[in-house]
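In the working numbering, the protein residues as written are 35 to 299.
Just so it is clear, CB atoms sit at the ideal spot from N, CA and C, and this is done for glycine as well.
For reference, the structure discussed in these notes is given below.
Encoded structure:
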């Protein structure tokens with residue numbers, strides 16, 4: 035197996051069995067030798083550049099990209115360059131092969147997010163350049179779909195706190211998965227009753243503040259990464275009118291009058 039360092043002027047090829055081991059790596063080029071050594075942390079660091087002023091002082095670049103070992107279709111994970119000399123690198127470019135099996139949030143950053151699109155094993159490749167030299171390295175990610183067993187049904191339940199609320203009192207709705215399959219997203223919606231405004235409808239937790247009395251009927255469904263959708267869970271929140279301050283005041287006044295009358299007797 036051969037590995038290559040690609041530059042704007044030449045390609046440097048070396049044999050791993052002959053030119054590097056667990057402690058040293060030597061990149062042989064037409065301009066000279068570029069030597070890396072494994073540091074105490076386990077990462078490769080630049081030791082020397084021999085035979086060229088461009089390599090002298092370890093001005094060349096080195097990357098060792100990492101990526102998730104496994105992702106589900108539709109899921110995302112971080113990819114990182116792990117560059118040895120980031121100040122010397124002018125540009126980064128991430129690519130995925132086969133093409134179209136995923137996308138990057140920003141393919142020109144040393145650390146970015148990769149989102150898996152199709153099932154299969156992909157090579158995530160990073161090209162780094164200092165303007166003169168380029169280094170190309172890669173990592174592998176396995177993309178798979180969820181294996182849903184026959185009895186791995188997706189079910190959800192919906193709860194309200196409080197379930198009986200006064201006008202102006204905040205109500206919290208919570209939707210959770212209760213089956214063998216785990217929901218990846220939720221959809222909470224009102225289906226009848228006095229109009230309300232939900233703060234969030236897809237995270238599984240939502241709140242609203244009722245402005246009218248009556249029964250507010252709300253539903254929630256869940257969906258997993260395999261596209262399985264649950265049956266809807268439904269709950270009714272009873273909204274009552276707020277106590278009338280004048281009525282409370284009059285009641286207190288009448289109580290005080292009765293007490294005074296009793297005292298005179």
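task: Work out the CA separation of residue 265 and residue 198 for me, nearest whole Å.
output: So the two alpha carbons sit approximately 25 Å from each other.
- prompt: Are the region 224 to 232 and the region 168 to 180 touching, with three or more C-beta to C-beta distances below 8 Å?
  reply: Cβ pair count under 8 Å is below three, so no.
N-terminal and C-terminal residue of the beta strand (DSSP E) that residue 97 is part of: Premise fails: residue 97 is in no beta strand (DSSP E) and is neither H nor E.
Residue interval of the beta strand (DSSP E) (run including residue 126): Start and end: 125 to 131.
- prompt: beta strand (DSSP E) containing residue 220: first to last residue?
  reply: For residue 220, the enclosing beta strand (DSSP E) stretches over residues 219 to 226.
field: residue 87 versus residue 114: straight-line alpha-carbon distance, rounded
entry: Note that residue 87 scores a pLDDT of 39, beneath 50, so its modelled location is shaky; the value from the coordinates is reported in the next line. If I take the Cα positions, the gap works out to 29 Å.
- request: Determine, using beta carbons only, whether residue 126 and residue 144 come nearer to each other than 8 Å.
  value: Cβ distance < 8 Å, so residue 126 and residue 144 count as in contact.
- request: Identify, in the order they occur along the chain, each residue of the same chain with its Cβ nearer than 6 Å to the Cβ of residue 208, setting aside the five sequence neighbours on each side.
  value: Excluding the 5 residues flanking it on each side, residue 208 has same chain C-beta neighbours closer than 6 Å at 193, 239, in chain order.
query: Unbroken beta strand (DSSP E) runs of length 3 or more, entirely within the region 133 to 173: which are they?
result: Runs found: 136 to 138, 145 to 150, 154 to 163.
- request: Can you grab the Cα-Cα spacing for the pair residue 202 / residue 242, in whole Å?
  value: Using only the alpha carbons, I get a separation of about 9 Å.
- prompt: Which of the three DSSP states, helix, strand or coil, is assigned to residue 275?
  reply: Of the three classes helix, strand and coil, the one that applies to residue 275 here is coil, per DSSP.
query: The beta strand (DSSP E) spanning residue 18 covers which residue range?
result: Missing from the structure shown is residue 18; the chain here goes from 35 to 299 and no further.
message: Do residue 155 and residue 130 count as a contact pair if the criterion is CB distance below 8 Å?
response: Not closer than 8 Å, so no.
field: C-beta atoms of residue 148 and residue 136 nearer than 8 Å
entry: Against a cut-off of 8 Å, the Cβ pair of residue 136 and residue 148 comes out as a contact.
Residue(s) in a DSSP beta bridge with residue 251: Answer is 226, 270, bridged to residue 251.
- prompt: So, helix, strand or coil for residue 238, using DSSP?
  reply: Residue 238 falls in the coil class under three-state DSSP.
query: When DSSP labels each residue in this structure, what does residue 211 get in the three-state scheme?
result: If DSSP states are grouped into helix, strand and coil, residue 211 belongs with the strands.
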